[in-house]
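Chemist:
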Amino acid sequence: MTTASSAGWHRSRRALPGLPLTLGITLTYLSLLVLIPLAGLFFRASGLGLSGLWATLTSQRVLHALQLSFGGALVAAALDAVFGAIVAWTLVRYEFPGRRILHSMIDLPFALPTAVAGIALTALYAPNGWLGAPLAKLGINVAYTPIGVILAMTFISLPFAVRTLEPVLADLSKQYEEAAATLGASRLQTVARVVFPAVLPALLTGTALAFARAVGEYGSIIFIAGNLPNVSEIAPLLIMIRLEEFDYAGATAIACAMLVLSFFILLAINALQAWNRRMASA
Amino acid sequence: MEPTDGQRMSIIVDRSAGSATTERAPVRWLLIAITIAFLSLFLLLPLLEVFVQAFSEGVKVYFAALSDKEALSAIRLTLITAAFAVFFNTIFGICAAWAITNFQFRGKNLLITLIDLPFSVSPVIAGLVFLLLLGSRSPLGSWLSEHGLKIMFATPGLVIATIFVTLPFVARELIPLMQAQGTSEEQAAATLGASGWRTFWHVTLPNIRWGLLYGILLCNARAMGEFGAVSVVSGHIRGMSNTMPLQVEILYNDYHFAAAFAIASLLAFLSFLTLGARSLLERKHGDELAGTRGMA
Amino acid sequence: MKIAIEKLSKRFGNVDALAAIDLVVESGELVALLGPSGSGKTTLLRTIAGLETSDDGRILLGDIDATRLSVQERRVGFVFQQYALFKQMNVIDNVTFGLRVRKLRDRPDKAEIGRRGQKLLDLVQLSDLAARYPNQLSGGQRQRVALARALAIEPRVLLLDEPFGALDAKIRKELRIWLRELHDSIGYTTLFVTHDQEEALDLADRVVVMNRGRIEQVDTPEGIRQRPASAFVADFVDSSHSIG
Chain V
1 MTTASSAGWH RSRRALPGLP LTLGITLTYL SLLVLIPLAG LFFRASGLGL
51 SGLWATLTSQ RVLHALQLSF GGALVAAALD AVFGAIVAWT LVRYEFPGRR
101 ILHSMIDLPF ALPTAVAGIA LTALYAPNGW LGAPLAKLGI NVAYTPIGVI
151 LAMTFISLPF AVRTLEPVLA DLSKQYEEAA ATLGASRLQT VARVVFPAVL
201 PALLTGTALA FARAVGEYGS IIFIAGNLPN VSEIAPLLIM IRLEEFDYAG
251 ATAIACAMLV LSFFILLAIN ALQAWNRRMA SA
Chain W
283 MEPTDGQRMS IIVDRSAGSA TTERAPVRWL LIAITIAFLS LFLLLPLLEV
333 FVQAFSEGVK VYFAALSDKE ALSAIRLTLI TAAFAVFFNT IFGICAAWAI
383 TNFQFRGKNL LITLIDLPFS VSPVIAGLVF LLLLGSRSPL GSWLSEHGLK
433 IMFATPGLVI ATIFVTLPFV ARELIPLMQA QGTSEEQAAA TLGASGWRTF
483 WHVTLPNIRW GLLYGILLCN ARAMGEFGAV SVVSGHIRGM SNTMPLQVEI
533 LYNDYHFAAA FAIASLLAFL SFLTLGARSL LERKHGDELA GTRGMA
Chain L
579 MKIAIEKLSK RFGNVDALAA IDLVVESGEL VALLGPSGSG KTTLLRTIAG
629 LETSDDGRIL LGDIDATRLS VQERRVGFVF QQYALFKQMN VIDNVTFGLR
679 VRKLRDRPDK AEIGRRGQKL LDLVQLSDLA ARYPNQLSGG QRQRVALARA
729 LAIEPRVLLL DEPFGALDAK IRKELRIWLR ELHDSIGYTT LFVTHDQEEA
779 LDLADRVVVM NRGRIEQVDT PEGIRQRPAS AFVADFVDSS HSIG
């Protein structure tokens, strides 16, 4: 944009040029690629009518798939929170050989294509796999069960839990822990009463992100799940199946249900975080 | 705040502080052991599995799988799709970051939320959404097919779906970075008479180049690995070109395990490159990257 | 309680942070550790508290050899420069923290803890702020909460790290007077670190001037002013305005 002296009112308001162009591109792009397509989805769904939607969504297979996707994601997010906390703490606070390598590996599930993760996990946990075999001997079947689904979800979402927690832990000034120690708190008390509340918001955020990712995950799960209806069939897969049956209405219904449910859950988590922030802003 | 001596990006904590702030040795070793065991079992093993399986039928089969005609066209298609996605999303990301950083307007938060939206949508739903919009059953879709434009179940559809799924990556990296860097340099350039384009090119770009590169790397990695959305949009029509992830699925479902893992190993290499580049960028230009601070 | 430091040494890498320090602080004294940055004054304070471990020498608190005691066991009250108030807890919970983490057999009951907390808040003149959170307090108020928190554990000694460093000049002066009065009324042995010579000379019973890990002079404020023991002390104290 040249500095030609136009009489536009906006010129005198802004020091920097480019707002109309960049904002225009941004909004157009978003509208074309995000807003309109998503609106189209809900528009189509509304065409089914409430009773039609309800009938589709309350069929047993759909209900089960939704339960598995959301329930499994919840369990996976919780597992990621626990292990993610341990991993983040260890990586941030301790020095040990291999630390740097492990640290950069955390992002592997994020960087690895989902289909690759999917077949790799399947090979690993199949009844004759490196981990699947010993687990089978213990009576634990991973592949083709909900356990496999949750495992894959935990795998794919781990980076979110760790990476959200790490910077907060690293930035936490040691003074708080020192203060607690001078006041007589044991190490455990300090971690539980001082450190944990301080990093809780980040932990919640990480868990929320892990959950959101796991709910919609497809590629890394469908191989290990075995996709048995009413057993290990996740909602995204059911959408895919409906599409292949040309039951667009059914697919749309499930998709909308997923979006709406996710929206409310994330809203709740946002509220939780806002409450937490109010308590702790310095 | 404790003075951090410009080691803001270092996550190794100063341990010259006394034992007031560390656990007893047995606890430390236990946590370290758990971490190493967990990460090795959970992350390393699957990775190893890819390569072991890829070579399970021998090196010849491995290379045969990679030079197979279908494999090569899958590689080509993946590269093309990713190139388009990265190209368009980079332009978008720069525009969005420029608008958000340098100007005040209502609805900024809403805008940022919208940009993040594709992140929270399942890739299958992403594919579905475009199928509904542009598939032959929709008004738009039938108009397209009347004019001989094949979008869905063809390459353009794959590209669009991939663009949607990877839309946020560059923007999410640039927005916090540019916000952290502030607008003072750009404003200085403006007072010196520079046009918007020159300001961006000579002032902003040098400051954001590592963050931009990082965002592009992530966008590319995700674009090449995208599976769910392209799965919907490709319709699984045999004989139609597939991207590498789709090809992996097809080979796997046909029980050509070694071949599937062979192509998967290529994708795995790609993720190594991405992770390695990330590490390098973090190490050398850590303070010029916003995205290293968590993935939120 | 008397503090006795004998030949205390600490090295960071190649640098002598503390070089065989000998110092005695009599019970009930208010003593300043004065010096430029890098002089070792903060290191000395933190080592007394147990936040740093010494390489050599002894620290005696009263009759007790505290050299090998952990931070928790030393029962020293420490006020950090940035106060380090626990952000997620309100004022009364901050103040009573030290009482609430005590082992069961040493812990007073809840009502008693609450009473003691309130008494301390009265002492530092923040009686009405019990339910507030640190982010709702001014700098001066946070400082006083930090002090009350340290006093709650009935410490053997009180250690203050640049207590007024983060406050602006006017508040600093007011709090200085207030701290002196508080000290006179409760009588804890108090050691505080400062780089502001006006503050040290104004507030303390005795001043310890440190430089590069060594003690240059220990004397009353008049002694420091009128009979500087070395060129460094003379120089350091000579500037008629505070260095802060």
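Protein sequence lines correspond, in order, to chains V, W and L. Here the first sequence stands for residues 1 to 282, where the numbers follow the numbering used here. Here the second sequence stands for residues 283 to 578, where the numbers follow the numbering used here. Here the third sequence stands for residues 579 to 822, where the numbers follow the numbering used here. Positions of the beta carbon are idealized from the N, C-alpha and C atoms, including for glycine. These numbers were taken from a predicted model, which means no experiment stands behind them.
Helix, strand or coil: which one does DSSP assign to M258/V?
Modeler: Here M258/V sits in helix by DSSP.
Chemist: Using a cut-off of 8 Å between C-beta atoms, extract the partners of S186/V located in chain L.
Modeler: What S186/V touches in chain L: Q650, V679.
Chemist: Quick one: what does DSSP say G635/L is sitting in, helix, strand or coil?
Modeler: Three-state DSSP puts G635/L in a strand.
Chemist: Are I291/V and I234/V touching if we call contact CB-CB under 8 Å?
Modeler: Any question about residue 291/V goes unanswered here, given that chain V covers just 1 to 282.
Chemist: Mind checking whether L66/V and A257/V have CB atoms under 8 Å apart?
Modeler: The answer is yes: Cβ separation under 8 Å.
Chemist: Ordered along the chain, which non-local residues of its own chain (more than five positions away) have a Cβ less than 8 Å from that of A81/V?
Modeler: The answer, listed in chain order, is A161, L203, G206, T207, A210.
Chemist: Please report the distance separating the alpha-carbon of P159/V from that of I749/L.
Modeler: Approximately 47 Å between the Cα atoms of the pair.
Chemist: For E794/L, which of helix, strand or coil comes out of DSSP?
Modeler: In this structure, E794/L counts as strand in the three-state DSSP scheme.
Chemist: With 8 Å as the limit, tell me which residues of the region 670-699 of chain L have their beta carbon closer than that to any beta carbon of chain V; keep them in chain order.
Modeler: Of all residues in the region 670-699 of chain L, F675, G676, V679, R680 have a Cβ within less than 8 Å of some Cβ in chain V.
Chemist: Any contact between the region 396-414 of chain W and the region 240-251 of chain V? By contact I mean 3 or more CB pairs, one from each, below 8 Å.
Modeler: They touch, by the three-pair rule.
Chemist: Using the three-state DSSP reduction, which class does D687/L fall into: helix, strand or coil?
Modeler: Coil at D687/L, not helix or strand.
Chemist: Kindly list the residues whose CB is nearer than 6 Å to the CB of E752/L, restricted to its own chain and excluding five residues on each side of it in sequence; keep chain order.
Modeler: For E752/L, where only same-chain residues beyond five positions count, there are no Cβ hits under 6 Å.
Chemist: Between which two residues does the beta strand (DSSP E) harbouring I545/W extend?
Modeler: Run containing I545/W: none in the beta strand (DSSP E); it sits in the alpha helix (DSSP H), 539-567.
Chemist: Find the residues of chain W that neighbour A120/V, judging by a C-beta separation of less than 9 Å, and give them in chain order.
Modeler: Result: L327, P328, L329, L330, E331, V332, Q335, F543, A546, A550.
Chemist: Beta-carbon of E178/V versus every beta-carbon of chain L: anything under 8 Å?
Modeler: It does: the Cβ of E178/V has a partner Cβ on chain L nearer than 8 Å.
Chemist: Taking the Cβ atom as the reference point for each residue, do D634/L and S605/L lie within a distance shorter than 8 Å?
Modeler: Not closer than 8 Å, so no.
Chemist: CB of S338/W to nearest heavy atom of the ligand ADP: below 7 Å?
Modeler: With respect to the ligand ADP, the structure offers nothing, as it holds no ligand at all.
Chemist: Sort out for me which residues DSSP pairs V603/L with in a bridge.
Modeler: For V603/L, which the question treats as bridged, DSSP gives the partners I581/L.
Chemist: Count the C-beta pairs between the region 551-558 of chain W and the region 138-153 of chain V that are closer than 8 Å, then say yes if the count reaches three, no if not.
Modeler: They do not touch, by the three-pair rule.
Chemist: Between A7/V and the rest of its own chain, which residues show a CB-CB distance below 8 Å, the 5 nearest in sequence each way excluded?
Modeler: Only weak support exists for where A7/V lies, its pLDDT of 42 falling under 50; the value from the coordinates is given anyway. Result list for A7/V: empty, nothing under 8 Å.
Chemist: I119/V and W401/W - do their beta-carbons sit closer together than 8 Å?
Modeler: As written in the sequence, residue 401/W is Phe, which differs from the Trp given in the question. Taking 8 Å as the Cβ cut-off, F401/W and I119/V do not qualify as a contacting pair.
Chemist: Check whether the Cβ of I86/V lies closer than 8 Å to any Cβ atom in chain W.
Modeler: Yes, because at least one Cβ of chain W sits closer than 8 Å to the Cβ of I86/V.
Chemist: Can you tell me whether H484/W is buried or exposed, with buried defined as 16 or more other CB within 10 angstroms of its CB?
Modeler: Flag for H484/W reads exposed.
Chemist: List the endpoints of the continuous alpha helix (DSSP H) containing R61/V.
Modeler: First-last of the alpha helix (DSSP H) with R61/V: 60-93.
Chemist: Just how far apart, CA to CA, sit L549/W and Y94/V?
Modeler: In a straight line, the C-alpha of L549/W is about 32 Å away from that of Y94/V.
Chemist: Taking 8 Å as the limit between beta carbons, can you name the residues of its chain near L284/V, skipping five residues before and five after?
Modeler: One cannot answer for residue 284/V here, as it falls past the ends of chain V, which runs 1 to 282.
Chemist: According to the Cβ coordinates, are I802/L and V787/L closer than 8 Å?
Modeler: Result yes, Cβ atoms of I802/L and V787/L sit closer than 8 Å.
Chemist: Going by DSSP in three states, N276/V sits in which element: helix, strand or coil?
Modeler: It is helical.
Chemist: Apart from the five residues on each side of it in sequence, which residues of its chain come closer than 7 Å, Cβ to Cβ, to D296/W?
Modeler: In this prediction, D296/W scores a pLDDT of 37, lower than 50, which makes its location untrustworthy; the coordinate-derived value is nonetheless stated afterwards. Contacts found: none.
Chemist: How many Å lie between N230/V and M460/W at the Cα?
Modeler: If you take the alpha carbons of N230/V and M460/W, they lie about 48 Å apart.
Chemist: Under 8 Å Cβ to Cβ from T625/L, same chain only, skipping five residues before and after it: list those, please.
Modeler: L586, K588, L596, T631, S632, I637.
Chemist: Roughly how many angstroms lie between the CA atoms of A809/L and G613/L, to the nearest whole one?
Modeler: In a straight line, the C-alpha of A809/L is about 14 Å away from that of G613/L.
Chemist: Using the C-alpha atoms, what's the distance from T473/W back to G510/W?
Modeler: Cα-Cα distance, rounded: 49 Å.
Chemist: So if I threshold CB-CB distances at 9 Å, which residues from the region 99-110 of chain V count as touching chain W?
Modeler: Against chain W - using a Cβ distance shorter than 9 Å - the residues of the region 99-110 of chain V are R99, R100, L102, H103, S104, M105, I106, D107, L108, P109, F110.
Chemist: Any Cβ of chain V within less than 8 Å of the Cβ of V735/L?
Modeler: Chain V contact via Cβ: absent.
Chemist: With distances taken from CA atoms, which of V168/V, F96/V, R61/V is nearest L313/W?
Modeler: Cα-wise, what sits closest to L313/W is F96/V.
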